[in-house]
Amino acid sequence: MRRRFRTFPRLALALAAALLVAEAHAFTVKTRLAGAQNWSVAATWIKTLTGTVTFTNGNVNVAGVGTLFLTEVSPGDVLMIDDGTVATVRGTVKSITNNTALVLTAGANGTRNGAYGKEAVPAAADDVQIGNTNVASLATITLDVASATVNSLTFAADNLAHSLTHSGTNALTVSTNVTVNQPTANNTTIAWNINGGSAAVTGNLTLGGANNTATRIADVVLTTGSLTISGNLNFTTGTSAAVALIDLSGGAGTLNIAGAINPSASNRGTLTPGTTSTVNFNGTAAQTITLGVATITYNNVTINNTAGVTPSAAITATNVTGNLNVQTGTLSNGG
217 MRRRFRTFPR LALALAAALL VAEAHAFTVK TRLAGAQNWS VAATWIKTLT
267 GTVTFTNGNV NVAGVGTLFL TEVSPGDVLM IDDGTVATVR GTVKSITNNT
317 ALVLTAGANG TRNGAYGKEA VPAAADDVQI GNTNVASLAT ITLDVASATV
367 NSLTFAADNL AHSLTHSGTN ALTVSTNVTV NQPTANNTTI AWNINGGSAA
417 VTGNLTLGGA NNTATRIADV VLTTGSLTIS GNLNFTTGTS AAVALIDLSG
467 GAGTLNIAGA INPSASNRGT LTPGTTSTVN FNGTAAQTIT LGVATITYNN
517 VTINNTAGVT PSAAITATNV TGNLNVQTGT LSNGG
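Set out below in structure tokens:
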């Protein structure tokens, strides 16, 4: 009898572990509506879910293949197909029968089958995508909440000028990496406008693309706010430095970098400092100030690294136009 009771704690632990794994699962959450939209509105987004579903016009019953309705869907969720009709709501969940069958509150809006998702504001474990290849018009998203946390952030590489703009001093934390892709159309800019807000990237920030057209720009804009990168800042370009831009020219913003500022393989990328911005080297391992790239320059440079910071080339009035301040740690000039 005692052996039988001993199995219950083990079973409970196994169930708890499975629940934690399910809760930690990272979903992809993409923009689903064109035009100006707010981050905090569920209808702005589609959270893509497992499997495929079939909606039949006027029928309340929805059949799934490979779906996980019991764990991924709840009564009240608003569903749609993840294709060119993603802006069309197909129905609202009334009840869930099992993992492959659910019932809508009213007959489905049209007949459609395929990959699917639900309206949902991004959560901390989600991989967020600004832009959606299923939507033919650009998305301009405003971060309208005081703070938000996501797992990763990607700006889709397509022919539209998608953007994410922080309202006021609002803050976004990204637990892994951010990728700002170069658009695929000329005279187009895909932009992360942090402006006077703040952003913290635990991993790397990578921006740009391999196309050589200088008017296809991946842009990160900081005015009076702050951008903290715990990993590396990576520029990706072909022969045009202009396609990957960190723009600090709009005010006294601060870029905190704990890793490296890496030019592209062709030694390109653009950091525009303006006259009041600061780049703060605050890593815990030795760092290098990237110099010798004509389009990567600094206004004020601050050193806060006890492991030491070394310039990659001579510091001049051209590549550091403001003040150089060693607050903690050391600056080695190689001499």
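Numbering (the numbering used here), first residue to last: 217 to 551. Beta carbons are placed, not taken as given, at the ideal position from N, Cα and C, and that holds for glycine. The structure displayed is predicted, hence computed values, not measured ones.
- Just so you know, the alpha carbons of Val-319 and Leu-369 end up roughly 33 Å apart.
- Per DSSP, reduced to three states, the secondary structure at Ala-529 is coil, with no helix or strand assignment.
- DSSP links Phe-285 through a beta bridge to no other residue.
- In the DSSP assignment, Phe-497 falls within the unbroken beta strand (DSSP E) covering 494-497.
- Take the alpha-carbon of Ala-352 and the one of Gly-538: they are about 44 Å apart.
- Comparing C-alpha distances from Thr-488 to each of Thr-534, Val-269, Ala-401 shows the shortest one belongs to Thr-534.
- Under the three-state reduction of DSSP, Thr-260 is assigned to helix.
- Boundaries of the beta strand (DSSP E) harbouring Ile-410: 404-411, taken from the DSSP string.
- Here Gly-475 is buried, its C-beta having at least 16 other C-beta atoms within 10 Å.
- Inter-residue distance for Thr-272 and Ser-311 is about 17 Å (C-alpha atoms, whole angstroms).
- Rounded to whole angstroms, the gap between the alpha carbons of Gly-347 and Thr-321 is 30 Å.
- Here Asn-403 is exposed: its Cβ has fewer than 16 other Cβ atoms, across all protein chains shown, within 10 Å.
- Here Pro-291 is exposed. Its C-beta has fewer than 16 other C-beta atoms within 10 Å.
- In the DSSP assignment, Gly-330 falls within the unbroken beta strand (DSSP E) covering 328-334.
- Rounded to whole angstroms, the Cβ separation of Ala-336 and Lys-263 is 4 Å, and the two are in contact under 8 Å.
- In this structure, DSSP gives Ala-252 an extended state, which the three-state scheme calls strand.
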